[in-house]
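> This is the structure I have questions about; it appears just below.
This is the structure:
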């Protein structure tokens, strides 16, 4: 049970963090922060 | 202190910007690579006094009077933001052409310093420029620089900071006819006189150089395209068969196939984690992300090779080769630049359409650019090529050739469907051939790899966690043993009938295609998640789990469907920004979907008839759809022809 809670919580934090990034990137029209996605003015801020 | 970098396109502004700020912005040896303002702090190496200095890289422009969208950005920045100093980067190899903009800048009152760049090329040619005389003629300091080797940059920055601190207004040079109606002509005459005084050219332009001889073959009107295909075939073969393919095989089969899942399973079992949570983490998150990251070595090698091709000057020749085809369909050769940029990622490709002045050409290019296979589509190509065509190295390059064909056919159709008149011409200065920089190619490769991993650890991770959940649970949020009872199956089943005329049977194929619209890599990751649960066979191996859904012909068609239907959401967002109209965006998406759909349908049905002697599933609906599309096209083109006749516009 404790294992489930710890692993579940860690995984949930990772997914929430990734989802927040995805949401923010989409909202700010930010790409994956490589120069392959050129408008880097929106990256690294 | 704000220091702005300005100059003609392809004068080396971004290379200089990267050198003095330590950034890794995209550079290229063709005009129009920078289409937006970029800002960064001056690197410590060049900022010995520790001042607060911001460097601003502006899109290239030939004149202070803007002609294209990105030139307007530069004009507006210089006039609106008033930087403390302007560093005008002048292409030392083309002084005469560059000084037109320089003389206009000098009239703004903002202190200007000239970086006479590409000094290495000037020296190599044996030409000489009298910097002091040039500076005296223009009333400003001229510093010779070579941005690629950072030669002269410290002196340039020190002079710029000194000028910024002095805060003296720039004094513009005077020349006869400056305020006359023919001021542009007078300005050019003044520039010509300066060039005569300050520059000695050793190179005889009428002599045929080795570079000219190479261009006669590489950019030949008939040989150019086959040479391009052979080069792309070689690049793909090297990437797939060489170290990239070997490492990708290891990543897919061993690292993400055994080592990481086994270790994760052992750890989670040891912690006594519930089976469903374990499956979510191992099959969903690790399996989905691993399936995409497994192709990372292959993608890195491919981009390394493409960067070498670009840096040695070959890609600029490809633009010239394509120009003659593009002109025939109403596109200018300028359209090839967004398309080459789009081979890395469709987003900057679409953004690069800003360099096209004509609104119709710009719209056409925005619609057609996403047809070029971008980095995100490479894992799909690699997966299908490995499973269905393991001994055929032509599959990867064939996607580029089909992309060119789709651009040409798509362009012709767009020109016929819409009443458009195109006028612009394409003039491009070909860079000299040079030995490509390994450092540049390496940095580009690392940059692409970073972007690839970022995507895999954000959008791909989130999507595949959701995909795993949707394939493991029913609408009542109860775990299901049979995938066909899951949420994903019911969603996929709603879309699946649309794909039957294409010979694609199964909700799994529809589900993978839908997730592909979020990010193209998701197609591979979704199959990895779905088949990890449903099949014991490896996904990436020849004759693997995918063969239950496809024949080689339908697999090729599915590949084409995913590559030539609308791009990912992020690229659609960029299309929306560039088109500036929802109406045009939806027209563009409708057109792209129709092209991808019809192409996949034709590959499946005609291919099955030729290869297997029988049509594929959905033959009758395919005929009906073909007839309906043909009728629609005939009616629309007739209507457009009538409108064109009315307006006196040629198709």
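Residue numbers (the working numbering), protein chains in the order written: chain B, 1 to 45; chain V, 46 to 696.
Think of the CB as a built atom: it goes at the ideal place given N, C-alpha and C, for glycine as much as any other residue.
Here the structure is a predicted model, which is why all the values come from computation and not from measurement.
1) Report the residues of the stretch 324-342 of chain V with a CB closer than 7 Å to any CB of chain B, ordered along the chain.
2) Scan the stretch 92-152 of chain V and note each continuous beta strand (DSSP E) run of 3 residues or more that stays entirely inside, going in chain order.
3) With H, G and I counted as helix, E and B as strand and the rest as coil, what does DSSP make of residue 162 of chain V?
4) Checking contacts by CB at 8 Å: is residue 40 of chain B closer than that to chain V?
5) Identify the continuous alpha helix (DSSP H) that holds residue 368 of chain V and give its terminal residues.
6) Assuming residue 520 of chain V and residue 325 of chain V make a contact with CB atoms under 8 Å, what is their CB distance in whole Å?
7) Tell me the rounded alpha-carbon separation between residue 177 of chain V and residue 389 of chain V.
8) What are the boundary residues of the beta strand (DSSP E) that includes residue 50 of chain V?
9) Pull the bridge partners of residue 196 of chain V from the DSSP assignment, please.
10) Starting from the Cα of residue 266 of chain V, find the closest Cα among V/409, V/367, V/92 and give me that residue.
11) Could you give the DSSP three-state label for residue 632 of chain V: helix, strand or coil?
12) Which residue's Cα is closest to the Cα of residue 49 of chain V: V/66, V/118, V/108, V/132?
13) Apply the 10 Å Cβ neighbour rule to residue 6 of chain B and answer buried if 16 or more other Cβ atoms are within range, or exposed otherwise.
14) Hey, is residue 18 of chain B's beta-carbon within less than 8 Å of any beta-carbon in chain V?
15) Would residue 350 of chain V and residue 479 of chain V qualify as a contact pair, given that the criterion is a beta-carbon distance under 8 Å?
16) Out of V/605, V/105, V/101, state which residue places its alpha-carbon closest to the alpha-carbon of residue 446 of chain V.
17) Can you find the residues in the same chain that come closer than 6 Å, C-beta to C-beta, to residue 154 of chain V, ignoring five residues on each side of it along the sequence?
18) In whole angstroms, give me the CA-to-CA distance for residue 410 of chain V and residue 373 of chain V.
19) Is DSSP giving residue 244 of chain V helix, strand or coil here?
20) Measuring alpha carbon to alpha carbon, tell me which of V/229, V/192, V/259 ends up nearest residue 109 of chain V.
21) In the DSSP assignment, find the beta strand (DSSP E) that holds residue 83 of chain V and state where it starts and stops.
22) Restricting to runs no shorter than 4 residues, where is the alpha helix (DSSP H) found entirely within the stretch 515-554 of chain V?
23) Where residue 81 of chain V and residue 103 of chain V are concerned, what is the direct C-alpha to C-alpha distance, given to the nearest angstrom?
24) Taking only the alpha-carbon atoms, compute the straight-line gap between residue 137 of chain V and residue 672 of chain V and give it to the nearest angstrom.
25) Strictly below 8 Å CB to CB, what residues from chain B border residue 322 of chain V?
26) What in chain V is Cβ-close to residue 21 of chain B, meaning under 7 Å?
27) By a C-beta neighbour count over all protein chains shown, 10 Å radius and 16 as the cutoff for buried, is residue 144 of chain V buried or exposed?
28) Mind the definition here: the stretch 180-192 of chain V touches the stretch 156-166 of chain V only if three or more C-beta pairs lie below 8 Å; say whether that holds.
29) Using only alpha-carbon positions, find the residue among V/482, V/291, V/437 that is nearest to residue 342 of chain V.
30) Taking C-beta pairs closer than 9 Å, name the residues in chain B that residue 313 of chain V reaches, listed in chain order.
31) So, does the CB of residue 510 of chain V fall closer than 8 Å to a CB anywhere in chain B?
32) Let me know the secondary structure DSSP gives residue 318 of chain V once reduced to three states.
33) Threshold first: 3 residues or longer. Then list the beta strand (DSSP E) segments lying entirely within the stretch 403-486 of chain V, N to C.
34) State the Cα-Cα distance for the pair residue 264 of chain V and residue 151 of chain V, rounded to the nearest angstrom.
35) Among V/227, V/334, V/125, which residue has its Cα nearest to the Cα of residue 424 of chain V?
Reading from the atomic positions:
1) So the close ones are 326.
2) Qualifying beta strand (DSSP E) stretches, in chain order: 99-102, 130-136.
3) As a position in the second chain, residue 162 of chain V is number 117, starting the count at 1. In the structure shown, the three-state DSSP call for residue 162 of chain V is strand.
4) Position 40 of the first chain, counted from the first residue, corresponds to residue 40 of chain B. The predicted model places residue 40 of chain B with a pLDDT of 42, which falls under 50 and marks its position as unreliable; any figure quoted below should be read in that light. For residue 40 of chain B, the answer is yes, since a Cβ of chain V falls inside 8 Å of its Cβ.
5) As a position in the second chain, residue 368 of chain V is number 323, starting the count at 1. Per DSSP, residue 368 of chain V belongs to the alpha helix (DSSP H) from 359-373.
6) In the second chain, the residue the question calls residue 520 of chain V occupies position 475. In the second chain, the residue the question calls residue 325 of chain V occupies position 280. Actually they are not in contact, since the Cβ atoms of residue 520 of chain V and residue 325 of chain V sit about 18 Å apart, beyond 8 Å.
7) As a position in the second chain, residue 177 of chain V is number 132, starting the count at 1. As a position in the second chain, residue 389 of chain V is number 344, starting the count at 1. In this structure, the straight-line span from the alpha carbon of residue 177 of chain V to that of residue 389 of chain V is close to 43 Å.
8) Here the question's residue 50 of chain V lines up with position 5 in the second chain. Per DSSP, the unbroken beta strand (DSSP E) holding residue 50 of chain V starts and ends at 47-52.
9) Reading the second chain from its first residue, position 151 is the one you call residue 196 of chain V. According to DSSP, residue 196 of chain V bridges with V/191.
10) The count along the second chain starts at 1 and reaches residue 266 of chain V at position 221. Of the candidates V/409, V/367, V/92, the one whose C-alpha sits nearest the C-alpha of residue 266 of chain V is V/367.
11) By 1-based counting over the second chain, the position of residue 632 of chain V is 587. Of the three classes helix, strand and coil, the one that applies to residue 632 of chain V here is helix, per DSSP.
12) Position 4 of the second chain, counting from 1, holds the residue named residue 49 of chain V. Checked all of V/66, V/118, V/108, V/132; the closest Cα to residue 49 of chain V is V/132.
13) Reading the first chain from its first residue, position 6 is the one you call residue 6 of chain B. The residue in question, residue 6 of chain B, is exposed, as its Cβ has fewer than 16 Cβ neighbours within 10 Å.
14) Residue 18 of chain B sits at position 18 when you count from the first residue of the first chain. It does; some Cβ of chain V falls within 8 Å.
15) Reading the second chain from its first residue, position 305 is the one you call residue 350 of chain V. Reading the second chain from its first residue, position 434 is the one you call residue 479 of chain V. With contacts defined by Cβ atoms closer than 8 Å, residue 350 of chain V and residue 479 of chain V do not form a contacting pair.
16) Taking the second chain and counting its residues from 1, the one referred to as residue 446 of chain V is at position 401. Closest option to residue 446 of chain V, judged by alpha-carbon separation, among V/605, V/105, V/101: V/605.
17) Residue 154 of chain V sits at position 109 when you count from the first residue of the second chain. For residue 154 of chain V, same chain residues with a beta-carbon under 6 Å away, outside a window of 5 residues either side, are 214, 215 in chain order.
18) Within the second chain, numbered from 1, the residue matching residue 410 of chain V stands at position 365. Within the second chain, numbered from 1, the residue matching residue 373 of chain V stands at position 328. Roughly 14 Å separates the two Cα atoms.
19) Working through the second chain from its first residue, we reach residue 244 of chain V at position 199. Here residue 244 of chain V carries a strand assignment [DSSP, helix/strand/coil].
20) As a working mapping, residue 109 of chain V is identified with position 64 in the second chain. Taking the Cα of residue 109 of chain V as reference, the smallest distance to any Cα among V/229, V/192, V/259 is reached at V/229.
21) Translated into the one-based positions of the second chain, residue 83 of chain V becomes position 38. Counting along the chain, the beta strand (DSSP E) containing residue 83 of chain V begins and ends at 83-86.
22) For the stretch 515-554 of chain V, whole alpha helix (DSSP H) runs of length 4 or above, ordered along the chain, are 532-544.
23) Within the second chain, residue 81 of chain V is the residue found at index 36, counting from 1. Within the second chain, residue 103 of chain V is the residue found at index 58, counting from 1. Taken atom to atom, the span from the alpha-carbon of residue 81 of chain V to that of residue 103 of chain V is near 7 Å.
24) To locate residue 137 of chain V, count along the second chain from 1; it is residue 92. To locate residue 672 of chain V, count along the second chain from 1; it is residue 627. Whole-angstrom Cα-Cα distance: 59 Å.
25) By one-based count along the second chain, residue 322 of chain V stands at place 277. Those are 4, 7, 8, 11, listed as they occur along chain B.
26) Counted from its first residue, the first chain places residue 21 of chain B at position 21. Those within 7 Å of residue 21 of chain B in chain V are 503.
27) In the second chain, the residue the question calls residue 144 of chain V occupies position 99. With 16 or more other CB atoms across the displayed protein chains lying within 10 angstroms of its CB, residue 144 of chain V is buried.
28) Output reads yes: the stretch 156-166 of chain V touches the stretch 180-192 of chain V.
29) Counting from 1 along the second chain, the entry for residue 342 of chain V is found at position 297. For residue 342 of chain V, the closest C-alpha among the options V/482, V/291, V/437 is that of V/291.
30) Residue mapping note: residue 313 of chain V aligns to position 268 of the second chain, counting from 1. Ordered by position in chain B, the residues that pass the 9 Å Cβ test against residue 313 of chain V are 3, 7.
31) Sequence index remark: in the second chain, residue 510 of chain V carries index 465 (1-based). Taking Cβ atoms only, chain B reaches closer than 8 Å to residue 510 of chain V, which makes this a yes.
32) Sequence index remark: in the second chain, residue 318 of chain V carries index 273 (1-based). Reduced to three states, the DSSP call for residue 318 of chain V is coil.
33) The beta strand (DSSP E) runs of length 3 or more contained entirely in the stretch 403-486 of chain V do not exist; there are none.
34) Here residue 264 of chain V refers to the residue found at position 219 when the second chain is read from its first residue. Here residue 151 of chain V refers to the residue found at position 106 when the second chain is read from its first residue. Residue 264 of chain V and residue 151 of chain V have their alpha carbons spaced roughly 39 Å apart.
35) Along the second chain, read from residue 1 onward, the residue named residue 424 of chain V stands at position 379. Nearest Cα to residue 424 of chain V within the set V/227, V/334, V/125: V/334.
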